[in-house]
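Heads up: the sequence shown is residues 2 to 208, going by the working numbering.
Have a look at the structure below, then the notes.
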Amino acid sequence: MADPIPAAKGAEAELLPSCFLGRDVLIKVRRPKRYRAAELDEELRSSRMKNEARLMREARKAGVRTPVVYDIDLKEFSITMEKVRGERVKELLDRDPDAAAEICGAIGRAVADLHNSGISHGDLTTSNMIMTNEGAICMIDLSMGKTKAELEDLGVDMHLLERAFNSAHPDLADGFRECMRSYIERKKEPEKLLRKLEEIKNRGRYT
Ligand SMILES: Nc1ncnc2c1ncn2[C@@H]1O[C@H](COP(=O)(O)OP(=O)(O)OP(=O)(O)O)[C@@H](O)[C@H]1O
Ligand SMILES: [Mg+2]
Numbered sequence: 002m003a004d005p006i007p008a009a010k011g012a013e014a015e016l017l018p019s020c021f022l023g024r025d026v027l028i029k030v031r032r033p034k035r036y037r038a039a040e041l042d043e044e045l046r047s048s049r050m051k052n053e054a055r056l057m058r059e060a061r062k063a064g065v066r067t068p069v070v071y072d073i074d075l076k077e078f079s080i081t082m083e084k085v086r087g088e089r090v091k092e093l094l095d096r097d098p099d100a101a102a103e104i105c106g107a108i109g110r111a112v113a114d115l116h117n118s119g120i121s122h123g124d125l126t127t128s129n130m131i132m133t134n135e136g137a138i139c140m141i142d143l144s145m146g147k148t149k150a151e152l153e154d155l156g157v158d159m160h161l162l163e164r165a166f167n168s169a170h171p172d173l174a175d176g177f178r179e180c181m182r183s184y185i186e187r188k189k190e191p192e193k194l195l196r197k198l199e200e201i202k203n204r205g206r207y208t
């Protein structure tokens, strides 16, 4: 078995490459956190895992590319999912900044499709998106997402995405703006979202 994909610092989960019915898959396992009381720990691992599998399904129904879920194991707290072929958007933007406008346009459209069907992502960063070999933006890591998202949740998604661009891609001056442009073009009732986003930003400024 190959080395697991290194988990980000502080991350909850580990991703182990494996094989399922002849397909390359990743098993996302949530290991126990010893600093949490056992009961709470199991509850959190279980609910995040179930939520993530559900969100991947609902997002796909909304026309947003997500990994296919093959299996979930309620005892191991693991999801067996399609290993998506492509490159993480974070590395892709660093490697090919000339393609940024096109990539960011695609990000904005994918997020708008998600939001238009009432789904929030919950951790919208360029580390949680893969540009597939077929040229689609695939959303991953949806464990904090909601299917009955409020305007607030959608605003928080966009606020988080802006911050992710500022911290992970400080040299890509127009990256987030391009995401926003294509997002607004596609989003239903974009004015409401823009007002909410302003409100969220102001809150952060004064508290
Ligand atoms: N289905 C997939 N196909 C290909 N690569 C994946 C897939 N799922 C995850 N990865 C890779 O593994 C990394 C970590 O996965 P993920 O973002 O789901 O976990 P995490 O950030 O540790 O999770 P969490 O925030 O839920 O604790 C991703 O950034 C990506 O590089
Ligand atoms: Mg992640």
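By construction, the Cβ of each residue, glycine as well, lies at the ideal position given by its N, Cα and C atoms.
As the structure is a prediction and not an experimental result, all values here were calculated from the model.
Check: According to DSSP, which residues form a beta bridge with residue 28?
Finding: As a first step, residue 28 must be located in the sequence shown, where it is residue number 27. 17 and 81, per the DSSP bridge assignment.
Check: Using a threshold of 6 Å, is the CB atom of residue 129 nearer than that to any non-hydrogen atom of ligand 1?
Finding: On the sequence shown, position 128 is the one that residue 129 refers to. Residue 129 has its CB nearer than 6 Å to a heavy atom of ligand 1.
Margin query: Nearer than 6 Å: is that true of the beta carbon of residue 99 relative to any heavy atom of ligand 2?
Written below: If you number the sequence shown from 1, residue 99 lands on position 98. Not under cutoff, so the answer is no.
Check: Exposed or buried, residue 22, counting other C-beta atoms within 10 Å across all chains shown (16 or more means buried)?
Finding: One-based indexing of the sequence shown puts residue 22 at position 21. With fewer than 16 other Cβ atoms within 10 Å, it is exposed.
Notebook entry, point to check: Which two residues bound the contiguous beta strand (DSSP E) that contains residue 89?
Noted result: Taking the first residue of the sequence shown as 1, we reach residue 89 at position 88. Where residue 89 is concerned, the enclosing beta strand (DSSP E) stretches over 87-89.
Item checked: Cβ-Cβ distance between residue 139 and residue 85 below 7 Å -> The sequence position of residue 139 within the sequence shown is 138, counting from 1. The sequence position of residue 85 within the sequence shown is 84, counting from 1. Closer than 7 Å, so yes.
Check: Quick one: is the Cβ of residue 85 within less than 6 Å of any heavy atom of ligand 1?
Finding: Along the sequence shown, one-based indexing puts residue 85 at 84. Yes; taking the cut-off as 6 Å, the Cβ of residue 85 has a heavy atom of ligand 1 nearer than that.
Next item on the list: Measuring alpha carbon to alpha carbon, tell me which of 83, 90 and 79 ends up nearest residue 68.
Entry: The residue given as residue 68 occupies position 67 in the sequence shown. Nearest C-alpha to residue 68: 83.
Margin query: Given 6 Å as the limit, tell me if residue 142 has its C-beta closer than that to any heavy atom belonging to ligand 2.
Written below: For the purposes of this step, residue 142 is taken as the residue at position 141 of the sequence shown. Flag set: Cβ of residue 142 near ligand 2.
Check: With 16 other CB atoms within 10 Å as the buried threshold, where does residue 205 fall?
Finding: In the sequence shown, residue 205 corresponds to position 204, counting from 1. Exposed is the call here.
Check: Can you find at least 3 beta carbon pairs, one from the region 51-63 and one from the region 91-104, that sit closer than 8 Å?
Finding: no
Next item on the list: To the nearest angstrom, report how far apart residue 105 and residue 176 are at their CA atoms.
Entry: Indexing the sequence shown from 1 puts residue 105 at position 104. Indexing the sequence shown from 1 puts residue 176 at position 175. Computed Cα separation, rounded: 6 Å.
Note to self: With a threshold of 8 Å, are at least 3 pairs of Cβ atoms found where one atom belongs to the region 192-204 and the other to the region 144-161?
What the structure shows: yes
Item checked: Simplified DSSP assignment, three categories, for residue 145 -> On the sequence shown, position 144 is the one that residue 145 refers to. Coil.
Check: Helix, strand or coil: which one does DSSP assign to residue 74?
Finding: Translated into the one-based positions of the sequence shown, residue 74 becomes position 73. Strand, per DSSP.
Check: Going by alpha carbons, who is nearest to residue 66 out of 14, 27, 72 and 57?
Finding: Reading the sequence shown from its first residue, position 65 is the one you call residue 66. It is 57 whose Cα lies nearest to the Cα of residue 66.
Note to self: Measuring CB atoms only, is the region 182-195 touching the region 128-144, in the sense that at least three cross pairs come out at less than 8 Å?
What the structure shows: no
Margin query: Can you check which of these residues, 63, 124, 111 and 128, is closest to residue 88 by C-alpha distance?
Written below: As a working mapping, residue 88 is identified with position 87 in the sequence shown. Nearest in C-alpha terms to residue 88, of all of 63, 124, 111 and 128, is 128.
Check: Which residue from 157, 167 and 171 puts its Cα closest to that of residue 202?
Finding: On the sequence shown, position 201 is the one that residue 202 refers to. Looking only at 157, 167 and 171, the smallest Cα-Cα distance to residue 202 is reached by 157.
Notebook entry, point to check: To which residues does DSSP link residue 50 through a beta bridge?
Noted result: As a first step, residue 50 must be located in the sequence shown, where it is residue number 49. Residue 50 is not bridged to any residue.
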